[in-house]
Every structure is written in structure tokens, then in C-alpha cells.
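**Q** Just dropping this structure here.
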């Protein structure tokens with residue numbers, strides 16, 4: 501295991517407490533304000549973080565009455581925001597269910613070239629029930645169907661990204677020969693679900709290939725991660741759950757003939773940072789008071805496979821109350837498995853779970869001073885539970901800067917995190933080698 505941990509930041513706006521747009525330091529219009537995202541990504545780069553991560557869902561949030569959803573197209577937004585940066589990676593979420601491989605591959609490779617090799621694609625299969633109607637489907641595909649398509653989809657996208665060999669661009673001004681067509685290979689894919697001729701009209705990525713990221717912990721999601729993912733986002737409430745998940749993912753990578761060290765696991769961590777513990781607790785309480793409890797209760801019921809008509813805020817939930825297996829759940833299997841492990845130690849009320857999950861995110865919550873949160877990060881990392889964390893500020897308007905200024909210096913002083921960037925690509929930031937067939941950088945390709 502590397503001696504250096506990796507840190508990403510989730511730019512969910514206004515933050516991971518869903519009502520955080522109501523607290524000081526945030527603005528209701530931030531979720532569509534380009535200046536807001538430009539400011540955040542510059543702060544993240546100031547902390548020498550590996551990447552910023554942006555989620556996406558191709559449907560209006562069912563909770564729009566209480567909080568903004570995922571509004572801007574993440575690829576478009578990150579292309580704009582990253583223009584003022586040089587090192588930090590940009591990871592955008594894209595659905596394999598509601599996209600075509602060719603267009604998605606082109607968009608993400610375009611983002612990768614525009615950032616000089618700093619882009620990543622977070623593969624999701626989209627379980628939002630309202631999304632299917634936006635794409636001409638009468639009902640959403642089931643989980644197995646979504647993951648069958650995702651497996652073939654990711655394979656096709658990777659082939660499209662690899663279509664241009666190193667040296668395909670000649671750029672000979674004397675002869676007028678721009679490129680060698682013999683070094684551009686179309687995938688010519690004809691599979692059980694997809695048919696894509698290719699190739700793309702873009703040369704290979706400056707980092708070899710955009711990063712492939714995966715976030716599901718169902719059997720289908722883990723199989724996809726073991727086969728393709730460079731980075732896996734995980735949700736875990738306990739060290740044991742996190743460590744077991746990381747071991748599972750590494751084993752699946754090895755079973756697919758891959759080097760397990762080339763797959764990094766990043767655990768979600770919701771943070772509320774204060775100059776003192778009391779200050780952090782006051783901020784947490786302020787954020788908690790913004791959580792719309794009834795919508796959060798409905799969301800919790802759906803995530804855990806419980807009857808929303810019978811679940812009440814003061815209902816005590818134990819591990820035995822959850823469905824026997826996570827595979828049958830319509831929502832995140834990883835969330836349910838992590839919650840089961842948490843409740844095995846102590847039953848909690850639905851209200852307590854909502855507060856612990858910051859209103860529904862399902863990730864662990866760390867509240868305290870910069871030193872206290874650094875202690876938590878160090879303990880998990882040194883235990884072998886994770887390769888790093890995706891930080892999810894309770895409110896991103898003030899929480900990101902608090903993490904960079906108050907937590908990161910402790911991690912640097914302990915030798916756990918870099919004091920400066922040493923690479924300009926996302927793969928370089930993460931310690932993942934550029935693929936052997938990678939082309940030259942954009943500038944080198946024409947000199």
C-alpha cells in the first residue's frame with residue numbers, strides 16, 4: 501500500500517447536508533453559477549488535491565421543493581471551471597444507460613484534451629425512476645439489464661479512446677501529411693446490445709486514457725469495477741466494511757488479469773470542520789436543522805428496503821430489520837451493506853440515522869477540528885481500509901476551504917499527503933502509470 505493517501509473533493513452544491521443552501525456562506529443560486537465552481541476548483545487546487553468530482557442525474561430531483569438538484573451538465577461545467585487550473589483532476593459523472601458510447605467517449609476525451617490529461621469518467625447506470633421517461637422508455641430497465649449494458653458500454657468507450665496509436669499524428673509541414681490513417685483503428689464493435697463503428701475524430705489522451713471511475717457496490721457494480729475501474733468510490737460506515745470492500749475490489753481486479761495496485765479505492769467522508777470541536781458541533785447542528793426530515797425519511801426507507809408507510813422518525817431500526825440481501829434493493833447495495841454493519845453494533849432510530857448520514861448520503865460523518873478529522877483519515881488509511889477519501893463538505897460554500905486550510909496541513913506534516921503537485925495529469929496525481937500505448941502530449945505531437 502502506498503505511503504501517500506489520495507484526496508478528492510465532491511462539489512455537490514450547496515453541500516452534503518441537503519438544506520445547506522440556507523446557511524451562511526452559501527447562496528441558493530450557486531448550483532448554476534459558473535463563478536461559484538471556478539472559485540471552488542481553485543481552492544481545491546490550492547490544497548493540492550487529486551481531483552474534484554461532480555455527480556449527475558438526467559432527471560429533476562424528486563426533492564426540488566427543499567433543495568436544488570444536480571443542474572449543470574458536469575462535463576460542460578468542469579471544462580469551464582478547470583480553465584483556470586493546471587494540476588487538479590476533473591471527474592464528471594455520466595450514465596451508461598442514457599447515453600450512446602460514441603458521443604460520451606468524444607465528450608470525455610474532449611474534456612481530457614482541454615485539461616491536458618486531467619479528466620475522468622464516473623460510470624453510473626442511473627437508478628432514478630424518472631430518468632427513463634426523459635429518454636423515450638416506458639419504464640426503467642432493471643438492475644441486471646443496466647449492468648449488462650454498462651459492461652459492453654465501457655468496453656466500447658475504452659476501444660474508442662484507444663483508437664489512435666502513439667505517433668498517429670505526423671504533422672509534417674513539408675509533405676503536407678497530417679496523420680497516418682494506418683495508425684487509427686476503428687473498434688468496429690457489434691455486440692449483443694451496442695453497435696459502434698468508430699473511430700473518434702480525436703487523438704489519444706495526453707494521459708493515455710481518461711480515468712474510469714465506478715461507484716456502485718452491488719454485484720454488478722463490483723464486477724464492473726474489477727474489470728475496468730481505475731478508481732472506485734465507496735461508502736462505508738466502519739473500517740471493517742471499508743477494508744473488506746477494498747480487498748474484494750483488488751481481488752476482482754487480479755481475477756481479471758489486472759494489477760490490483762492500479763485500482764484505487766476512495767471512501768466518502770462528509771466533513772464539518774471547526775476551529776474548535778465546539779465550533780464544529782455548532783455548525784453541524786445548524787446544518788442538521790436544515791434537513792427536511794420527511795423527504796429524508798422517505799429516501800432512507802427506499803435505500804434500506806423498508807416500508808415508507810410504516811417507517812417513522814422515532815422507529816428503532818436494527819440490522820435484523822433490513823432485507824436479507826442487498827442485491828434485491830432498487831437503490832445502493834453498498835449503502836445498505838454499510839448501514840447493516842453500523843446497526844449490528846447498535847440499533848438506531850430513523851431520525852438518528854438521518855442525522856448520521858447528513859440527511860441521506862449514507863457516508864460516514866466526521867465533525868471536529870482539522871486535527872481531529874486528520875486523525876480519523878490517518879487511522880483509516882493506515883489500517884488498509886482505503887487508498888484515500890472523497891471529501892464531501894457538509895456545506896461546500898465554506899466547508900471546502902475549511903478542509904483545505906485546517907485539515908490538509910496536518911496530513912502534509914504527518915507525511916501522508918503531498919506538499920506540492922509533482923504531475924500535471926490525473927493519472928500522475930493518483931500514481932497510476934500512463935498506459936504503454938499513450939500518445940505524446942498535445943504540444944509534443946506537433947513539434
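In our numbering, the protein residues as written are 501 to 947.
We treat Cβ as the ideally placed atom computed from N, Cα and C, and that holds for glycine.
(1) Alpha carbon to alpha carbon, how far is residue 615 from residue 925? Give it in angstroms, no decimals.
(2) What does DSSP give as the partner residue(s) for residue 766 in the beta ladder?
(3) For residue 546 versus residue 904, is the C-beta spacing smaller than 8 Å?
(4) Restricting to Cα atoms, I'd like to know which of 708, 552, 523 and 680 is closest to residue 622.
(5) Going by other Cβ atoms of all chains shown within 10 Å of its Cβ, with 16 needed for buried, is residue 807 buried or exposed?
(6) Give every residue of the same chain whose Cβ lies closer than 6 Å to the Cβ of residue 640, excluding the five residues on either side of it in the sequence, and list them in chain order.
(7) How about residue 680 and residue 666: do their beta carbons lie closer than 8 Å?
(8) What's the C-alpha gap between residue 726 and residue 755?
(9) Could you name the residues that DSSP lists as bridge partners for residue 726?
(10) Assuming the contact rule is C-beta atoms closer than 8 Å, residue 818 and residue 800 should be a hit. Round their C-beta distance to whole Å, please.
(11) So, is residue 901 buried or exposed, given that buried needs 16 or more other C-beta atoms within 10 angstroms?
(12) Which whole-angstrom value describes the C-beta separation of residue 771 and residue 617, a residue pair presumed to lie in contact below a C-beta threshold of 8 Å?
(13) Please classify residue 587: is it buried, with 16 or more other beta-carbons within 10 angstroms of its beta-carbon, or exposed?
(14) Please work out which residues of its chain come closer than 6 Å, Cβ to Cβ, to residue 881, disregarding the five sequence neighbours upstream and downstream, and give them in chain order.
(15) For the beta strand (DSSP E) holding residue 740, just list the boundary residues, first then last.
(16) Pair every Cβ in the segment 709 to 719 with every Cβ in the segment 682 to 691, then say whether three or more of these pairs are closer than 8 Å.
(17) Looking only at DSSP bridge pairs, what is residue 622 linked to?
(18) Smallest Cα separation from residue 775: which of 753, 873 and 691?
(19) Report, in whole angstroms, the separation of the C-beta atoms of residue 531 and residue 514, which I expect to be a contact under 8 Å.
(20) Does the segment 912 to 923 come close enough to the segment 532 to 539 to have 3 or more Cβ pairs within less than 8 Å?
(21) Below 8 Å on the Cβ atoms is my guess for residue 836 versus residue 804; work out the distance and round it to an integer in Å.
(22) What residues match up with residue 701 in a beta bridge as DSSP calls it?
(23) Can you tell me whether residue 933 is helix, strand or coil according to DSSP?
(24) When you compare only the Cα positions, how much space is there between residue 475 and residue 787?
(25) I'd like the list of long-range same chain contacts for residue 918, defined as Cβ closer than 8 Å, with 5 residues on each side in sequence excluded.
(26) Nearest to residue 543 by CA position, among 812, 560 and 585, is which residue?
**A** Well, looking at it:
(1) Rounded to the nearest whole angstrom, the CA to CA distance from residue 925 to residue 615 is 9 Å.
(2) DSSP, once it has assigned bridges, lists 733 and 888 as partnering residue 766.
(3) Residue 546 is a Cβ neighbour of residue 904, given a cutoff of 8 Å.
(4) Minimum Cα distance to residue 622 is reached at 552.
(5) Flag for residue 807 reads exposed.
(6) Hits under 6 Å: 629 and 632.
(7) Using a Cβ distance threshold of 8 Å, residue 680 and residue 666 do not count as a contacting pair.
(8) Spanning the two alpha carbons is a distance of roughly 8 Å.
(9) Among the bridge pairs identified by DSSP, residue 726 is matched with none.
(10) Wrong, their Cβ atoms sit about 14 Å apart, outside the cutoff.
(11) Of the residues assessed, residue 901 falls on the buried side of the cut-off, its CB having 16 or more other CB atoms within 10 angstroms.
(12) Between residue 771 and residue 617, the beta carbon gap of about 29 Å keeps them out of contact (Cβ cut-off 8 Å).
(13) Result: buried.
(14) Closer than 6 Å at the Cβ level, and outside the excluded window around residue 881, lie 505.
(15) Run containing residue 740: none in the beta strand (DSSP E); it sits in the alpha helix (DSSP H), 739 to 755.
(16) No contact exists between the segment 709 to 719 and the segment 682 to 691.
(17) For residue 622, which the question treats as bridged, DSSP gives the partners 593 and 713.
(18) Across the set 753, 873 and 691, the C-alpha of 873 shows the shortest separation from the C-alpha of residue 775.
(19) Rounded, the Cβ-Cβ distance is 7 Å, consistent with contact.
(20) With the cut-off at 8 Å, the segment 912 to 923 and the segment 532 to 539 do not touch.
(21) Taking the Cβ atoms as the reference, residue 836 lies roughly 6 Å from residue 804, within the contact range of under 8 Å.
(22) BP columns for residue 701 are empty, so no partner.
(23) In the three-state scheme derived from DSSP, where H, G and I count as helix and E and B as strand, residue 933 is classed as coil.
(24) Missing from the structure shown is residue 475; the chain here goes from 501 to 947 and no further.
(25) Setting aside the 5 residues that flank it on each side, residue 918 is surrounded in the same chain by 504, 548 and 912, each with a C-beta closer than 8 Å to its C-beta; the list follows chain order.
(26) Here the closest residue by C-alpha is 585.
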